[in-house]
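Written below as structure tokens is the structure these notes are about.
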Amino acid sequence: MRFLLIRNGDFSKLVERQLSQKEILQYHRLMDFSGRIQIYGMPVVMIIWCLLSWPNVFPEKGSVSIIYFVFIAAGIIIFTPFIHELLHLLSFPNKILLTDTYFITSLNGIRSHFAVRLGGKISYLQVVWSTLFPFIVLTLLPFFWLIVGLPIPLSISVWVGFIASYNFGYSTADIIIAFGLLYKNNKNKN
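Mapped onto my numbering, the consecutive letters of the sequence shown carry residue numbers 7 to 196.
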């Protein structure tokens with residue numbers, strides 16, 4: 007695996023080298039659409055988490071200091087995207103050590119982000135699995151855990167919900183890409 011650092015740039019340029027003009031336009035439309043879903047979807051998912059786990063989601067008034075809250079929230083905001091991308095890699099552990107596998111870090115101020123490019127030959131179903139794996143682990147499993155009624159300790163309930171909500175926002179492009187691939191494959195079969 008190689009690590010790639012891009013400064014003041016956009017790693018979408020790495021994708022665009024391999025695409026036609028029409029595909030590049032579709033890619034940018036998809037990213038714009040997923041950005042809008044991310045902005046509106048994350049708070050909605052957090053509200054759903056709070057409603058499902060009510061009244062145990064929030065600790066009693068005065069039991070949590072604001073400094074503690076800010077540090078944990080900042081840590082979640084910083085590390086969830088990193089963990090999300092690591093889960094993309096862990097979806098196919100045998101591809102991690104390939105020389106054409108990349109963990110990409112793009113430093114562009116407030117718009118800095120991570121990405122993963124798996125190496126080797128990958129089928130479209132493997133791409134779908136790799137794309138949806140972080141969403142399943144960090145968002146669907148906590149909600150499943152909550153809906154089934156398994157206990158989540160009160161001290162971490164709000165944080166698990168925050169991670170699930172934040173990851174949902176971070177996974178919007180992944181979800182759209184996965185369903186686009188499935189739709190395109192089903193369309194090609196017919």
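Cβ atoms here follow ideal geometry from the backbone N, Cα and C, with glycine treated the same way.
In whole angstroms, what separates the C-alpha of Tyr189 from that of Leu156?
-> Here residue 189 corresponds to residue number 183 of the sequence shown, with the count starting at 1. Here residue 156 corresponds to residue number 150 of the sequence shown, with the count starting at 1. About 35 Å.
Taking buried to mean at least 16 other C-beta atoms within 10 Å of its own C-beta, is Lys101 buried or exposed?
-> The residue given as residue 101 occupies position 95 in the sequence shown. That one is buried.
Run through DSSP, which three-state label would Ser112 get?
-> Residue numbering aside, residue 112 sits at position 106 when the sequence shown is read from its first letter. Ser112 sits in a strand when the DSSP states are folded into three classes.
Which partner residues of Val122 appear in the DSSP bridge assignment?
-> Here residue 122 is taken as the residue at index 116 of the sequence shown, counted from 1. Per DSSP, Phe109.
With a CB to CB cut of under 8 Å and the five nearest residues on each side skipped, what residues in its chain are close to Trp165?
-> Here the question's residue 165 lines up with position 159 in the sequence shown. Excluding positions up to five away in sequence, the list reads Ile78 and Ile82.
Start-to-end residues for the alpha helix (DSSP H) that takes in Ile158 | Your numbering for residue 158 matches position 152 in the sequence shown. Per DSSP, Ile158 belongs to no alpha helix (DSSP H) and is neither H nor E.
Which class does Ser177 belong to by DSSP, given the choice of helix, strand or coil?
-> Residue 177 sits at position 171 when you count from the first residue of the sequence shown. Ser177: helix per DSSP, three-state reduction.
Which residues bound the alpha helix (DSSP H) around Thr86?
-> Here residue 86 refers to the residue found at position 80 of the sequence shown. Per DSSP, the continuous alpha helix (DSSP H) segment holding Thr86 begins and ends at Ile72 to Leu96.
Assign Tyr46 to one of two classes, buried (16 or more other C-beta atoms within 10 Å of its C-beta) or exposed (fewer than that).
-> Your numbering for residue 46 matches position 40 in the sequence shown. Burial call: exposed.
Got a sec? Which residues, its chain only, sit under 6 Å from His119 by beta carbon, not counting five neighbours each side?
-> In the sequence shown, residue 119 corresponds to position 113, counting from 1. Closer than 6 Å at the Cβ level, and outside the excluded window around His119, lie Ser112.
Could you confirm whether any beta carbon from chain D is found closer than 8 Å to the beta carbon of Ile78?
-> Going by chain labels, chain D is absent from the structure shown, which holds only one protein chain.
Could you check how far apart the C-beta atoms of Phe141 and His94 are, in whole angstroms? I think they sit under 8 Å.
-> On the sequence shown, position 135 is the one that residue 141 refers to. On the sequence shown, position 88 is the one that residue 94 refers to. With a Cβ gap of about 10 Å, Phe141 and His94 do not count as contacting.
Cutoff 7 Å; reference Met37; Cβ partners in own chain excluding five residues on either side = Along the sequence shown, one-based indexing puts residue 37 at 31. So the qualifying residues of the chain are Ala179.
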